[in-house]
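J.: Line order of the protein sequences matches chains A and B. Under the working numbering, the residue at position 90 of the first sequence is numbered 90, and the numbers go up by one with no gaps. Under the working numbering, the residue at position 255 of the second sequence is numbered 255, and the numbers go up by one with no gaps. C-beta atoms are modelled at their ideal positions from N, C-alpha and C, and glycine is treated no differently. Just so you know, these numbers come straight off a predicted model, no measurement behind them.
Protein chains: 2
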Amino acid sequence: MDGTAEAGAGDAAREGAAAVFSAIEAAPAYRLVFHAIEREILEGRLRIGDRLPTETELAHRLGVHRSTTREGLRLLEQSGLAERREGRRLYASLPRTDDLSERAQRALSLSRVSFDGLWRLLRALEPAAAALAAERIDAETIAALEANLARTAEAVDAGRSVTQLDLEFHALIADATGDAAWRLAREPSAALLFPANERMLPRLAQSGARLLTAHRNIFDAVRAGDGEGAERWMRRHIDDFRRGYVLAGFDPDEPVSPVGAPENGNETRRPGRIEARPGEQGGDG
Amino acid sequence: MDGTAEAGAGDAAREGAAAVFSAIEAAPAYRLVFHAIEREILEGRLRIGDRLPTETELAHRLGVHRSTTREGLRLLEQSGLAERREGRRLYASLPRTDDLSERAQRALSLSRVSFDGLWRLLRALEPAAAALAAERIDAETIAALEANLARTAEAVDAGRSVTQLDLEFHALIADATGDAAWRLAREPSAALLFPANERMLPRLAQSGARLLTAHRNIFDAVRAGDGEGAERWMRRHIDDFRRGYVLAGFDPDEPVSPVGAPENGNETRRPGRIEARPGEQGGDG
DNA sequence: CTTAGTCTGTTTGTCGGACAAATGACGAGC
DNA sequence: GCTCGTCATTTGTCCGACAAACAGACTAAG
Numbered sequence: 001m002d003g004t005a006e007a008g009a010g011d012a013a014r015e016g017a018a019a020v021f022s023a024i025e026a027a028p029a030y031r032l033v034f035h036a037i038e039r040e041i042l043e044g045r046l047r048i049g050d051r052l053p054t055e056t057e058l059a060h061r062l063g064v065h066r067s068t069t070r071e072g073l074r075l076l077e078q079s080g081l082a083e084r085r086e087g088r089r090l091y092a093s094l095p096r097t098d099d100l101s102e103r104a105q106r107a108l109s110l111s112r113v114s115f116d117g118l119w120r121l122l123r124a125l126e127p128a129a130a131a132l133a134a135e136r137i138d139a140e141t142i143a144a145l146e147a148n149l150a151r152t153a154e155a156v157d158a159g160r161s162v163t164q165l166d167l168e169f170h171a172l173i174a175d176a177t178g179d180a181a182w183r184l185a186r187e188p189s190a191a192l193l194f195p196a197n198e199r200m201l202p203r204l205a206q207s208g209a210r211l212l213t214a215h216r217n218i219f220d221a222v223r224a225g226d227g228e229g230a231e232r233w234m235r236r237h238i239d240d241f242r243r244g245y246v247l248a249g250f251d252p253d254e255p256v257s258p259v260g261a262p263e264n265g266n267e268t269r270r271p272g273r274i275e276a277r278p279g280e281q282g283g284d285g
Numbered sequence: 001m002d003g004t005a006e007a008g009a010g011d012a013a014r015e016g017a018a019a020v021f022s023a024i025e026a027a028p029a030y031r032l033v034f035h036a037i038e039r040e041i042l043e044g045r046l047r048i049g050d051r052l053p054t055e056t057e058l059a060h061r062l063g064v065h066r067s068t069t070r071e072g073l074r075l076l077e078q079s080g081l082a083e084r085r086e087g088r089r090l091y092a093s094l095p096r097t098d099d100l101s102e103r104a105q106r107a108l109s110l111s112r113v114s115f116d117g118l119w120r121l122l123r124a125l126e127p128a129a130a131a132l133a134a135e136r137i138d139a140e141t142i143a144a145l146e147a148n149l150a151r152t153a154e155a156v157d158a159g160r161s162v163t164q165l166d167l168e169f170h171a172l173i174a175d176a177t178g179d180a181a182w183r184l185a186r187e188p189s190a191a192l193l194f195p196a197n198e199r200m201l202p203r204l205a206q207s208g209a210r211l212l213t214a215h216r217n218i219f220d221a222v223r224a225g226d227g228e229g230a231e232r233w234m235r236r237h238i239d240d241f242r243r244g245y246v247l248a249g250f251d252p253d254e255p256v257s258p259v260g261a262p263e264n265g266n267e268t269r270r271p272g273r274i275e276a277r278p279g280e281q282g283g284d285g
C-alpha cells in the first residue's frame with residue numbers, strides 16, 4: 001500500500017524527450033478479482049456452466065475480504081460472464097447475445113440515430129441475411145418461421161399489433177444464417193427501427209396484410225433455398241417499409257424516438273424478498 | 001430484511017385455475033440500487049457527465065448500507081452507465097460503443113463464427129457504409145482518413161503490419177456515416193475478420209500495396225461525394241480480401257481463430273496503487 | 001507573484017465481523 | 001415412496017473502522 005510515486009522528479013535540466021512514461025496501470029482489488037475470475041473462464045480453467053466457488057472460498061483464495069470479492073463478482077455478473085441459476089449460485093457463462101443486443105440498443109437509443117441511417121443499415125443487412133439464410137437454414141428454424149407466420153396471420157386478422165412478430169421474423173432469418181455475428185449486427189438497429197411500424201399501421205390501410213405477404217414470399221424463397229429470390233423479396237420488403245413510413249407522413253431524417261422506457265420489473269426473478277426495505281427512510285438529504 | 005415468503009402456501013383444496021400467479025419479481029437490494037440509479041440517468045434526472053452522489057449519500061438516500069450501495073455501483077459501472085474520471089469519482093455516462101463492441105467481439109469469438117459468415121456480413125455492410133459515408137462525411141473525418149492513409153503508406157514501405165491501420169480505416173468510414181449504429185453493427189465482425197490479413201501478408205506478395213491502393217480509391221470516391229464509386233471500390237476491396245484469403249491457402253469455411261488472448265493490463269489507468277496487495281497471503285488452500 | 005510544500009476534511013477502498021433468510025441435503029414419519 | 005422438519009451452507013445485508021487518495025486552502029520559499 002505504499003507505491004510511493006517518485007517518478008519524474010529528478011533534475012530540471014530538460015524535459016526528457018526520449019522517456020515515454022506510459023501511464024501507470026493500476027486497479028482496485030475488486031477489479032483485480034473480476035479479472036482473475038474472468039481470466040479463469042476465458043482461458044478455460046473454469047468451463048462454461050461450471051459453478052463458481054463460494055464467495056468465502058474465493059475471498060480466501062484471492063486473499064481479499066469477502067466484500068471485496070463480492071464487488072468483483074458484481075462486475076463479473078454484469079459483464080455476462082457469470083449468471084445466476086436457480087436463484088442464488090453463480091455459474092460461469094457466456095455473455096448472452098440478446099443481452100449484448102439490448103445494451104447496444106439502449107446505447108443507440110440514447111445516441112443520435114436517424115430513421116434513415118438505421119434504414120440504410122438494415123437495407124444492407126437484411127437482404128444479405130436472407131440470401132445466406134436460404135443457403136443454410138435448417139428444419140428447426142423453418143418450423144419456427146412457419147409458426148411465426150401463422151401467428152402473424154392471426155394477429156393481422158384480429159387487427160392486433162404485429163411489431164413483435166415482425167421483429168421475430170427478421171431475427172429468425174438472421175438466426176438461420178447460423179452465424180451469431182449476423183444477429184448481433186442487426187438486432188439493435190432492427191429493434192429500434194421496426195417498431196416504427198406501430199406508428200404507421202393506424203395510418204395505412206392494409207399495411208399488416210402487406211407485411212404478411214412480404215414475409216411469406218421471403219420465407220418461401222428461403223425455404224426453397226433460393227438465395228437470390230430471398231434477397232430480392234427482402235429488399236422489396238425493406239424498401240416498402242420506408243415507403244410506408246414516408247407515406248404515413250413521417251420524416252425519415254428525423255431521429256427515431258426512443259421506444260419503450262426502461263421498465264421496472266425485469267429482474268432475474270427469484271422468489272423471496274419483495275422489496276429491498278418495505279419503507280424505512282424517506283430521504284432527508 | 002424480513003420479506004417473509006408466504007406466497008402460495010394456503011389451503012390445498014384446489015389449484016386456483018383462475019388465479020394467474022404471475023412470477024414474482026424480486027431482486028436483491030444491490031440490484032435495486034443499480035436500477036434506481038440507472039433510472040435516474042435514463043430518465044434524465046441525472047444527466048450525462050453529472051457527478052454521482054457520494055457512496056455514503058446514496059446509501060443514506062436509498063436506505064441501504066454503503067456496502068450494498070457499492071455493489072450496486074459496480075453493476076452500474078460495468079454496465080457503462082457510470083464511468084470513473086480522474087481516478088476516483090463516478091460520473092454518469094453513456095455506454096461507450098467501443099466498449100460494447102469489444103464485448104460483442106469477445107462473445108463472438110467464443111461462439112462459432114466462420115470466416116465465410118463474417119465475410120459475407122461485411123460484404124453487405126462495408127460497401128453500403130462507404131456509400132453513405134460519401135454523402136455525409138465531414139472535414140474532420142476526411143483529415144483522419146488522410147492521416148490513416150499516410151501512415152498506412154509508411155507501414156507498407158517499411159514492411160510493417162497494416163492490420164491495425166486497416167481496421168482503423170474501415171472504422172473511420174463507418175464513423176463517416178455519422179450514425180453510431182453502423183459502427184456498432186460492423187465493429188465486432190471487422191475486428192475478428194480483418195486481422196486475417198496478418199496471416200495472408202507473408203504469403204502474398206504485394207498484398208500491402210494492393211490494400212493501400214484500394215483504400216485510396218475508396219477514400220477518393222468518398223471525399224468526392226461519389227457514393228456509387230465508393231460502394232463499388234469497397235466491394236472490390238472486400239472481394240479482393242476473400243480472394244487473397246483463399247489464394248493464401250486458407251479455407252473460408254473454417255471457424256476463425258480467436259485473435260488476441262485476454263490481455264492483462266488494460267485497466268482504467270489511475271495513478272496510485274500498483275498492486276492490490278503487495279504480497280500478503282500466498283494462497284494456502 | 002508564482003511554485004512547492006503542508007495541513008485538513010472528504011471520499012473511496014478494504015477489512016473485520018455479525019446475523020437473518022434462502023437453499024439443499026438428509027433422515028424421520030405417514 | 002413421498003412429504004416434512006432439521007441442520008449446515010451460502011448469500012444478502014448490515015455495522016463499524018481505518019488507511020490511502022484526493023481536493024482545496026493555506027503557507028513558506030524562490
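(1) Can you tell me the Cα-Cα spacing of Met-200 (chain B) and Asp-239 (chain B), whole angstroms?
(2) Do Leu-125 (chain B) and Ala-129 (chain A) come within 8 Å of each other at the CB atom, strictly closer than that value?
(3) Within 10 angstroms of its Cβ, does His-35 (chain B) collect 16 or more other Cβ (buried), or is it exposed?
(4) Mind checking who Ala-82 (chain B) pairs with in its DSSP beta bridge?
(5) Going by beta carbon distance, what residues of the same chain come within less than 6 Å of Leu-76 (chain A), once the five residues before and after it are set aside?
(6) Are there 16 or more other CB atoms within 10 angstroms of the CB of Gly-157 (chain B), so buried, or fewer, so exposed?
(7) Beta carbon of Ala-246 (chain A), beta carbon of Pro-255 (chain A): below 8 Å?
(8) Quick one: measure Cβ to Cβ for Thr-56 (chain B) and Arg-66 (chain B), integer angstroms, because I've assumed they're closer than 8 Å.
(9) Between which two residues does the alpha helix (DSSP H) holding Ser-109 (chain A) run?
(10) Ile-274 (chain B) to Asn-197 (chain A), Cα distance in whole Å?
(11) Identify which residue in B:Leu-211, B:Ala-26, B:Trp-182, B:Ile-48 has its Cα closest to the Cα of Ala-131 (chain B).
(12) Are the CB atoms of Ala-221 (chain B) and Ala-134 (chain B) within a distance shorter than 8 Å?
(13) Could you have a look at Pro-127 (chain B) and say whether DSSP puts it in helix, strand or coil?
(14) Tell me the start and end of each unbroken alpha helix (DSSP H) in the stretch 190-228 of chain A that is at least 4 residues and wholly inside, in chain order.
(15) List, in chain order, every chain A residue whose beta-carbon is nearer than 7 Å to that of Leu-132 (chain B).
(16) DSSP three-state call for Ser-161 (chain A): helix, strand or coil?
(17) Which stretch, first to last residue, makes up the alpha helix (DSSP H) that contains Ala-59 (chain B)?
(18) Hey, is Gly-227 (chain B)'s beta-carbon within less than 8 Å of any beta-carbon in chain A?
(19) Kindly list the residues whose CB is nearer than 8 Å to the CB of Phe-250 (chain B), restricted to its own chain and excluding five residues on each side of it in sequence; keep chain order.
(20) Name, please, each residue of chain A whose Cβ falls closer than 7 Å to the Cβ of Leu-58 (chain B).
(21) So if DSSP puts Arg-51 (chain A) in a beta bridge, which residue, or which two residues, is it bridged to?
(22) Given a cut-off of 8 Å on the beta-carbon distance, is the pair Leu-90 (chain B) and Leu-73 (chain B) in contact?
(23) Identify the contact partners of Val-113 (chain A) in chain B, using a Cβ-Cβ distance below 9 Å as the criterion.
(24) Is Arg-89 (chain B) close to chain A? Criterion is C-beta to C-beta, closer than 8 Å.
(25) Alpha carbon to alpha carbon, what distance is there between Asp-179 (chain A) and Trp-97 (chain A)?
(26) To which residues of the same chain is Asn-217 (chain A) closer than 7 Å at the C-beta, ignoring the five residues directly before and after it?
(27) Using beta-carbon positions only, say whether Leu-193 (chain A) and Leu-149 (chain A) come within less than 8 Å of one another.
(28) Would DSSP call Pro-252 (chain B) helix, strand or coil?
(29) Among the residues of its own chain, which have a CB less than 8 Å from the CB of Gly-80 (chain B), if the five just before and after it don't count?
(30) Tell whether a beta-carbon distance below 8 Å holds between Leu-118 (chain B) and Pro-188 (chain A).
(31) Would you decide whether Gly-159 (chain A) is buried or exposed? Buried here means 16 or more other CB atoms lie within 10 Å of its CB.
(32) Check for me: the alpha helix (DSSP H) holding Arg-45 (chain A) runs from which residue to which?
(33) Closest Cβ-Cβ distance between Glu-71 (chain B) and chain A: below 8 Å?
T.: According to the structure shown:
(1) Counting from one through the second sequence, the residue named residue 200 (chain B) turns up at place 200. Counting from one through the second sequence, the residue named residue 239 (chain B) turns up at place 239. Roughly 14 Å between the two C-alpha positions.
(2) As a working mapping, residue 129 (chain A) is identified with position 129 in the first sequence. As a working mapping, residue 125 (chain B) is identified with position 125 in the second sequence. Their beta carbons are not under 8 Å apart, which means Ala-129 (chain A) does not touch Leu-125 (chain B) by this criterion.
(3) Sequence index remark: in the second sequence, residue 35 (chain B) carries index 35 (1-based). Buried.
(4) Along the second sequence, one-based indexing puts residue 82 (chain B) at 82. Its beta-bridge partners are B:Ala-92.
(5) Against the first sequence, residue 76 (chain A) aligns to sequence position 76. Counting only Cβ-Cβ distances below 6 Å, and skipping sequence neighbours, we find Phe-34, Ile-37, Ala-82.
(6) Here the question's residue 157 (chain B) lines up with position 157 in the second sequence. In the sequence as presented, Gly is not what sits at residue 157 (chain B); that position holds Asp. The residue in question, Asp-157 (chain B), is exposed, as its Cβ has fewer than 16 Cβ neighbours within 10 Å.
(7) If you number the first sequence from 1, residue 246 (chain A) lands on position 246. If you number the first sequence from 1, residue 255 (chain A) lands on position 255. Rather than Ala, the amino acid found at residue 246 (chain A) in this sequence is Val. Not in contact: Val-246 (chain A) and Pro-255 (chain A) (Cβ atoms no closer than 8 Å).
(8) Taking the second sequence and counting its residues from 1, the one referred to as residue 56 (chain B) is at position 56. Taking the second sequence and counting its residues from 1, the one referred to as residue 66 (chain B) is at position 66. Indeed they touch by this definition, with Cβ atoms about 6 Å apart.
(9) Locating residue 109 (chain A) in the first sequence gives position 109, where the first residue counts as 1. Element bounds for Ser-109 (chain A): 97-110.
(10) Within the second sequence, residue 274 (chain B) is the residue found at index 274, counting from 1. Within the first sequence, residue 197 (chain A) is the residue found at index 197, counting from 1. Annotation note: pLDDT 25 at Ile-274 (chain B) (below 50); position unreliable, coordinate value reported separately. When rounded, the distance between both Cα atoms is 54 Å.
(11) Translated into the one-based positions of the second sequence, residue 131 (chain B) becomes position 131. Ranking B:Leu-211, B:Ala-26, B:Trp-182, B:Ile-48 by Cα distance to Ala-131 (chain B) puts B:Trp-182 first.
(12) Here residue 134 (chain B) refers to the residue found at position 134 of the second sequence. Here residue 221 (chain B) refers to the residue found at position 221 of the second sequence. Closer than 8 Å, so yes.
(13) For the purposes of this step, residue 127 (chain B) is identified with residue 127 of the second sequence, where counting begins at 1. For Pro-127 (chain B), the secondary structure class from DSSP, reduced to helix, strand or coil, is helix.
(14) 196-200, 207-223
(15) The residue given as residue 132 (chain B) occupies position 132 in the second sequence. Going along chain A in sequence order, the residues near Leu-132 (chain B) (Cβ under 7 Å) are Arg-120.
(16) In the first sequence, the residue the question calls residue 161 (chain A) occupies position 161. Here Ser-161 (chain A) sits in coil by DSSP.
(17) In the second sequence, the residue the question calls residue 59 (chain B) occupies position 59. Taken as a continuous stretch (DSSP letters only), the alpha helix (DSSP H) holding Ala-59 (chain B) covers 55-62.
(18) Along the second sequence, read from residue 1 onward, the residue named residue 227 (chain B) stands at position 227. No, its Cβ sits nowhere closer than 8 Å to a Cβ of chain A.
(19) Taking the second sequence and counting its residues from 1, one reaches residue 250 (chain B) at position 250. Residues Phe-115, Ala-196, Arg-199, Met-200 of the same chain have their beta carbon placed closer than 8 Å to that of Phe-250 (chain B), with the five preceding and five following residues left out of the count.
(20) For the purposes of this step, residue 58 (chain B) is taken as residue 58 along the second sequence, with counting starting at 1. Those within 7 Å of Leu-58 (chain B) in chain A number zero; the least Cβ separation is about 11 Å.
(21) On the first sequence, residue 51 (chain A) is found 51 positions in, with the first residue counted as 1. The partner list for Arg-51 (chain A) (beta bridge, DSSP) reads A:Tyr-91.
(22) Translated into positions along the second sequence, residue 90 (chain B) becomes position 90. Translated into positions along the second sequence, residue 73 (chain B) becomes position 73. For Leu-90 (chain B) and Leu-73 (chain B), yes; Cβs fall inside 8 Å.
(23) Indexing the first sequence from 1 puts residue 113 (chain A) at position 113. Per Cβ cutoff of 9 Å: Asp-179, Ala-180, Ala-181.
(24) For the purposes of this step, residue 89 (chain B) is identified with residue 89 of the second sequence, where counting begins at 1. No, its Cβ sits nowhere closer than 8 Å to a Cβ of chain A.
(25) Counting from one through the first sequence, the residue named residue 97 (chain A) turns up at place 97. Counting from one through the first sequence, the residue named residue 179 (chain A) turns up at place 179. Just to set this straight, residue 97 (chain A) is Thr in the shown sequence, not Trp. Answer to the nearest angstrom: the Cα atoms are 12 Å apart.
(26) The count along the first sequence starts at 1 and reaches residue 217 (chain A) at position 217. Taken in chain order, the residues that qualify are Trp-233.
(27) As a working mapping, residue 193 (chain A) is identified with position 193 in the first sequence. As a working mapping, residue 149 (chain A) is identified with position 149 in the first sequence. No, the Cβ-Cβ distance between Leu-193 (chain A) and Leu-149 (chain A) is not below 8 Å.
(28) Here residue 252 (chain B) is taken as the residue at index 252 of the second sequence, counted from 1. Coil.
(29) Along the second sequence, one-based indexing puts residue 80 (chain B) at 80. Correct list, in chain order: Ser-93, Leu-94, Pro-95, Arg-96, Asp-99, Leu-100.
(30) The residue given as residue 118 (chain B) occupies position 118 in the second sequence. The residue given as residue 188 (chain A) occupies position 188 in the first sequence. Contact flag unset, no.
(31) Along the first sequence, read from residue 1 onward, the residue named residue 159 (chain A) stands at position 159. Flag for Gly-159 (chain A) reads exposed.
(32) Locating residue 45 (chain A) in the first sequence gives position 45, counting from the first residue. No alpha helix (DSSP H) holds Arg-45 (chain A); DSSP gives it neither H nor E.
(33) Locating residue 71 (chain B) in the second sequence gives position 71, counting from the first residue. By this cut-off, Glu-71 (chain B) is an interface position.
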